[in-house]
Amino acid sequence: MKKWLMHFYYLYLMPFTYYKTPVGTCQITEEDGFITRVHILDEEHNPTEAETSLMKQVLTEFDEYFAGTRRTFTFPIKQGGSDFQQLVWQELLNIDYGKTITYSQQSNLMKNPLAIRAIAAANGKNNLWVVVPCHRVIGSNGSLTGYAGGIWRKKWLLDHEARVIGVGQTKLEL
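Residues in the sequence shown are numbered consecutively from 138, following the numbering used here.
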């Protein structure tokens, strides 16, 4: 499906809710009893009311995540992708909260050490922002590379999780 057509489909035809996070507004889409998309937006939108029990659960779990009291999400998720992409996204779910791995480590965990670029590309196609934690994958040199939501958001999410588990340094806010 062409990118503009997919955007139209998700924006106008599927039920969705806007949710305000500390790093911007995200759009959460529900389809057939699953959350199929959590997309961080660069533009602000007013939060909207959750209309289904699933969406209410999602918003509660996001509130808890950003408050530092939730480390995993329990609502049902599903995103379209190739078998390879599904394997990559499943591996992301195995990264512990507050921890990071490199793309190289992810490829080794998947027993596919030559697929680093393909794995990085699949991470970039992840449509379930924060829920499938691609923000926990970093460059081999420790750099915060490759994040569709913006490197500053990746840094914020990693700092947030580090603060919650009590590791790492955080920047003093004056």
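Where a beta carbon is used, it is the ideal one built from N, C-alpha and C, also for glycine.
Residues near residue i by beta carbon distance below 8 Å, same chain, minus five either side
i	result
T189	P152, E167
A187	T154, K193, V195, L196
Beta-carbon contacts of residue i that lie in its chain and below 6 Å, excluding the five residues immediately before and after
i	result
R208	Y234
Q194	F212
V160	R290, W293
Whole-number beta carbon distance between residue j and residue i, since they are thought to touch under 8 Å
i	j	result
K236	R273	6 Å
G170	L196	Not really, about 16 Å apart at Cβ, beyond 8 Å.
H182	T162	5 Å
G283	A257	6 Å
Y156	P184	6 Å
S277	S241	5 Å
Collapsed DSSP secondary structure at residue i in the structure displayed
i	result
Q216	coil
R319	Summary: the structure shown does not reach residue 319, with the chain confined to residues 138 through 311, and so no result is reported for it.
E188	coil
L281	coil
L265	strand
T211	coil
T206	coil
T307	For T307, the predicted model reports a pLDDT of 43, less than 50, meaning its position is unreliable; a value from the coordinates is still stated below. Three-state DSSP puts T307 in coil, outside helix and strand.
D296	helix
Contacts around residue i, its chain only, beta-carbon distance under 7 Å, and the 5 residues preceding and following it disregarded
i	result
G286	I177, W266
C271	L229, N260, N263
Identified DSSP bridge partners for residue i
i	result
C163	Y156, I177
V274	I238
E168	F171
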